[in-house]
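Protein chains in written order, with numbering that gives the first Met the number 0: chain A, 0 to 146; chain B, 0 to 136.
Backbone N, C-alpha and C fix where the C-beta goes; we use that ideal spot for every residue, glycine too.
Just so you know, these numbers come straight off a predicted model, no measurement behind them.
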Amino acid sequence: MQLEQSTYTEEQIKQAIEEAWQELLQEADAEDYSLEEYLEHYRKYWDEPDFPNDIPEIIIRAVEKLIGKSLAWYCELVRDPSGFTGEYSFIVVDPQTRKCLTYRQFTFDGVNVHYFLSVAGTVIYYEDIIRLVIKLLNQIQPELVTA
Amino acid sequence: MDREKVLQALKKAQGEYDIKDLDRFVREAWEEGDVLYAEIVAELTERAIEILFDQHFLWVHIVESEDFEEWIPDGWYSFVAVHPETGQCLTFLKDPVHSGKSRSSFRARIRSADDAVDAVTRLAELIEQNLKSRAVE
Numbered sequence: 000m001q002l003e004q005s006t007y008t009e010e011q012i013k014q015a016i017e018e019a020w021q022e023l024l025q026e027a028d029a030e031d032y033s034l035e036e037y038l039e040h041y042r043k044y045w046d047e048p049d050f051p052n053d054i055p056e057i058i059i060r061a062v063e064k065l066i067g068k069s070l071a072w073y074c075e076l077v078r079d080p081s082g083f084t085g086e087y088s089f090i091v092v093d094p095q096t097r098k099c100l101t102y103r104q105f106t107f108d109g110v111n112v113h114y115f116l117s118v119a120g121t122v123i124y125y126e127d128i129i130r131l132v133i134k135l136l137n138q139i140q141p142e143l144v145t146a
Numbered sequence: 000m001d002r003e004k005v006l007q008a009l010k011k012a013q014g015e016y017d018i019k020d021l022d023r024f025v026r027e028a029w030e031e032g033d034v035l036y037a038e039i040v041a042e043l044t045e046r047a048i049e050i051l052f053d054q055h056f057l058w059v060h061i062v063e064s065e066d067f068e069e070w071i072p073d074g075w076y077s078f079v080a081v082h083p084e085t086g087q088c089l090t091f092l093k094d095p096v097h098s099g100k101s102r103s104s105f106r107a108r109i110r111s112a113d114d115a116v117d118a119v120t121r122l123a124e125l126i127e128q129n130l131k132s133r134a135v136e
């Protein structure tokens, strides 16, 4: 799998995701099944309310475990006229400084400034969860250092 | 937050959107499950806040829906506001239910003009609190 660069190894990220998943299972008092099995069901039934809501929990918990810090966050399940698109858009805030860690602004032409409050990604397969965890880590880690 | 000021801000925002009857507009957004109307209700709420504070903020809002498949608005809205210069989240809130947890969004039910006044009032108070407490806790 081709991954974006991260300060964490793929193994560390996978372990954090697995721990997050196990936590969710325990809290829901659910039977033991793997995240891959869960994602198989998710791909079939993602338009049912419970399924997409678990994904942001897994992703944020994994990020929190890796950075060793609790976060305040909000996740939008992105929709288009045909329904949920599979895309998750995260806004992450440092609870200590109240700084929005996913906020960034940049310009393409040196004149017009574009503002972004969230980091988004589509989740269909297990690898997509890893990618989104890395994407979030890459965005929020430098912000945590400078906060 | 002064109710009279909130009413004035909402009225001004209402004028900008050319809405004649706010109560009817907000009710239709909910009762008829009109997504476009609901989006305008959310924008109107944000605009009223900006009028109150006399400054622009960066916003994300969600028009919520009980029906996950059909996406029919249920009269609930979530808002995230960020200060464009400092990057500070202005809708940050320590969760009163889950101690130690915190939230980055403000959630309100807006199904009537009264609800809109209440939502703008509470949202303005939250933003005011966050603007005041910029220091690390």
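Where do the ends of the alpha helix (DSSP H) carrying B/T44 lie?
Reading the second sequence from its first residue, position 45 is the one you call residue 44 of chain B. Its alpha helix (DSSP H) spans residues V34 to F52.
Mind checking which residues open and close the alpha helix (DSSP H) that includes B/L130?
Working through the second sequence from its first residue, we reach residue 130 of chain B at position 131. Start and end: A112 to K131.
With A/F89 as the anchor, note down where its beta strand (DSSP E) starts and where it stops.
Along the first sequence, one-based indexing puts residue 89 of chain A at 90. Where A/F89 is concerned, the enclosing beta strand (DSSP E) stretches over G82 to V92.
Report the rounded CA-to-CA distance for B/V135 versus A/N52, giving the unit in angstroms.
To locate residue 135 of chain B, count along the second sequence from 1; it is residue 136. To locate residue 52 of chain A, count along the first sequence from 1; it is residue 53. With a pLDDT of only 40 at B/V135, under the threshold of 50, the placement of this residue in the model should not be trusted; the figure read from the coordinates follows. In a straight line, the C-alpha of B/V135 is about 31 Å away from that of A/N52.
Pairing CB atoms from the segment 56-67 of chain A with CB atoms from the segment 128-144 of chain A, are three or more of them under 8 Å?
Segments in contact, yes.
According to DSSP, simplified to helix, strand and coil, what is B/P72?
In the second sequence, counting from the first residue as 1, residue 72 of chain B sits at position 73. It is a strand residue.
Report the partner residues of A/Y114 according to the DSSP bridge assignment.
In the first sequence, counting from the first residue as 1, residue 114 of chain A sits at position 115. DSSP, once it has assigned bridges, lists A/Q104 as partnering A/Y114.
For B/W58, which option in B/E31, B/S104 and B/L21 has the closest C-alpha, if you only look at C-alpha atoms?
Here residue 58 of chain B is taken as the residue at index 59 of the second sequence, counted from 1. Ranking B/E31, B/S104 and B/L21 by Cα distance to B/W58 puts B/S104 first.
Kindly list the residues whose CB is nearer than 8 Å to the CB of B/V79, restricted to its own chain and excluding five residues on each side of it in sequence; keep chain order.
Sequence index remark: in the second sequence, residue 79 of chain B carries index 80 (1-based). So the list reads W58, V59, H60, C88, T90, S103, S104 and F105, once near-sequence residues are dropped.
Shortest alpha-carbon distance to B/T120 belongs to which of B/T44, B/V40, B/A12 and B/Y36?
Numbered from 1 along the second sequence, position 121 holds the residue referred to as residue 120 of chain B. Of the listed residues, the one whose Cα sits closest to B/T120 is B/T44.
Can you pull the chain C neighbours of B/F91, defined as C-beta to C-beta under 8 Å?
This model lacks chain C altogether, as its protein chains are A and B.
Output, in chain order, the set of chain A residues within a Cβ distance shorter than 8 Å of B/R102.
By 1-based counting over the second sequence, the position of residue 102 of chain B is 103. In chain order: A71 and Y73.
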